[in-house]
Structures are given as C-alpha cells and as structure tokens.
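Residue numbers (UniProt numbering): 1 to 291.
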C-alpha cells in the first residue's frame, strides 16, 4: 500500500482573515491509501481517478545489475550478468551505467549539438574576451553555452594545482574531462585557457568524438600580448618574480591543424564581436547550431 497525500489548495486573493492578520490554513486531508501493484512492469496506478503509467519502476533492475556489492569488505562481486567490470586508472571493479536518455536526446531538447570550443593562445591574446563575446553571441541566438575559463577553474576544482609542468598537464586534463561532460549534456562548452603544450590539447581532443573538439588559436605575437599585459604578469615575469611564465621562460606550442585561426597583429585587430562571428560561422557551417 502507498500513502498518497493530496496537497492543500493554494488560495490566492484577499479575505477578511488575511486582511486582519489572521491567515488560516485549510485543513490537511487524511492520507488516501492506494494499492500498489506487486509487479512494477508498467502497471496502471489509479490516483484520484487518473491513470498513471508506472514506467518509472522498470530501471530498478538495471540499477541492481550495475552495482557491484562488497563481500566481506573484499573485492566487489561481479554484477548479475557477470560482465562489464573494468579498471580505469586507479579505480577497479567499476561499470559504465547507461541511461536511456542519451546525448542525442539532450541535443534534440536543446536544438543544438554539444561540442567543445577550445580557445588557446598566449596570456593577453584575447582568449577570455573572445569566449565572453562568443557566449553572448550564441546566447542571443538561443543556444546554451558554458565557459570554462582557465583562471576561474583554478578558483575551485583546480585550486590545488601549481603552474609547474606536471600540474599544468593535470589542469588541462581535468578541464578536458569537465568539458567532455558539458558536451555530452548537449551544451556548447567554451574552454578558454593558455594550454601551452600541444600533447595536452591533443589528449583533450581524443576524449571527444571526431569533430566535436574545435580548436581556436589566438595567433597574436608575444610583443602585442606583452604590450597589452592586462594582468601585469609579463612585467612580473620579466622582473623574475614569476617563474615558468609562458612566452618568457616557458614555451608555447602553437596548434598545427586548428579548426579556427584568429590572427591579430599590432595594426590589425578585429573586434570581439567580429572574432565571435568567425567562430559562429564555423559552427553554423558544421551544423552545431541545430539538432
């Protein structure tokens, strides 16, 4: 038996009780007990005269089969079907559980295709500026985006990482995995970070289906970036107060085959809106702005 309690009605409008400061709640009805079918394979439940399809009861078996139980605190037992357990990295006895709502369904809901736009370039090259202009441009078209900004991510999930080579690699790996989840959700994810090493960017590309990683290279000379120096970091690096700064005493490896190239020179600088439109044109051409 299942107890179904009807919610008290919401009463709107002025009444003498309300105006006098005495707000009276209606009496709470007694629970109504409804027979719950023993077999949860899509039976109909009669609730207040309505027919409700109990299709939500089916997945419980799948959850059982995908959960590995501990036996005496030792290695988890295999699932019911005896298949599918894996070791991924340091994680053992894990199983990928599929959901009936998949990426294609989410894309249909959002009327767009999930992907990752990876904006890379030197500090001061305009990555964050482009990311915000791009997000604004897509938002105005009715597309859902999310920006993973290099500095912003280091405020939270990556605040335990330094700027040493190994930590920078881990920083990129984590952002790549998060970006992959956003893309799988059907969202257009815009990752904006220096990501100086080619192998790390290529590793993030490999996480996604062919074509869903769109590399945008901000091709701006070091002299222009240093002249801008919006955060004052180049000045600190030149003074020796910052070690391992990209472009000064740490290398930047430009992409070899990026999808979109944004080239800026001292006397040739497109506006943020113009740069964003270049990327949006690519997305439209490749069909990412429709399901």
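We treat Cβ as the ideally placed atom computed from N, Cα and C, and that holds for glycine.
Nothing here was measured: the structure is a model prediction, and the numbers come from that model.
Inset, instruction - Taking only runs that begin and end inside the stretch 120-200, name each unbroken beta strand (DSSP E) of 3 or more residues, in chain order. - result: Fully enclosed beta strand (DSSP E) runs of no fewer than 3 residues occupy 145-149, 188-192 of the stretch 120-200, in order along the chain.
Legend entry - Reduced DSSP category for residue 98 - H, G, I as helix; E, B as strand; rest coil: coil
Legend entry - Burial state of residue 119, where buried means 16 or more other Cβ atoms lie within 10 Å: buried
Inset, instruction - Could you have a look at residue 222 and say whether DSSP puts it in helix, strand or coil? - result: helix
Inset, instruction - Helix, strand or coil for residue 250, going by three-state DSSP, please let me know. - result: strand
Legend entry - CA-to-CA distance, residue 245 to residue 113, given in whole angstroms: 36 Å
Legend entry - Inter-stretch contact at 8 Å, needing at least 3 Cβ pairs: the stretch 89-103 / the stretch 155-171: no
Legend entry - Spatial neighbours of residue 207 in its chain, beta-carbon cut-off 6 Å, leaving aside the 5 residues before and after: 176, 180
Legend entry - Alpha-carbon spacing of residue 198 relative to residue 223, whole angstroms: Cα atoms of residue 198 and residue 223: separation of roughly 22 Å, rounded to the nearest angstrom.
Inset, instruction - Identify whether residue 281 lies in helix, strand or coil by the three-state DSSP scheme. - result: DSSP, read as helix, strand or coil, puts residue 281 in helix.
Inset, instruction - Ignore the nearest five residues each way along the sequence and tell me which others in residue 256's own chain have a CB closer than 8 Å to its CB. - result: 198
Legend entry - Spatial neighbours of residue 167 in its chain, beta-carbon cut-off 7 Å, leaving aside the 5 residues before and after: 161
Inset, instruction - Could you work out which residue in 254, 228, 186 is closest to residue 202 when comparing CA atoms only? - result: 254
Inset, instruction - Return helix, strand or coil for residue 112, following the three-state DSSP convention. - result: Secondary structure of residue 112 (DSSP, three-state): coil.
Legend entry - Between the CA atoms of residue 142 and residue 243 - distance to the nearest angstrom: Residue 243 and residue 142: Cα-Cα distance of roughly 43 Å.
Inset, instruction - Can you grab the Cα-Cα spacing for the pair residue 110 / residue 145, in whole Å? - result: 11 Å
Inset, instruction - Spell out the partners DSSP gives residue 217 in its beta bridges. - result: 120, 261
Inset, instruction - Along the alpha helix (DSSP H) that carries residue 233, what are the first and last residues, could you check? - result: 233-238
Inset, instruction - Under 7 Å Cβ to Cβ from residue 128, same chain only, skipping five residues before and after it: list those, please. - result: 149, 192
Inset, instruction - Verify whether the separation of the beta carbon atoms of residue 276 and residue 133 is less than 7 Å. - result: Yes. Within cutoff.
Inset, instruction - Could you please give the first and the last residue of the uninterrupted beta strand (DSSP E) stretch that includes residue 88? - result: Here the beta strand (DSSP E) through residue 88 covers 86-88.
Legend entry - Spatial distance of residue 183 from residue 115 (CA atoms): Cα to Cα, the separation comes out at about 5 Å.
Inset, instruction - Throw me the rounded Cβ distance for the residue 217 and residue 204 pair, which I believe falls under 8 Å. - result: For a cut-off of 8 Å, the C-beta gap from residue 217 to residue 204 is around 14 Å, too long to register as a contact.
Legend entry - Close beta carbons around residue 107, own chain, < 7 Å, minus the five adjacent residues each side: 113, 114, 186, 291
Legend entry - residue 288 versus residue 211: straight-line alpha-carbon distance, rounded: 10 Å
Legend entry - For residue 125 and residue 209, the rounded distance between their alpha carbons: 28 Å
Inset, instruction - Quick one: grab the DSSP three-state call for residue 210. - result: coil
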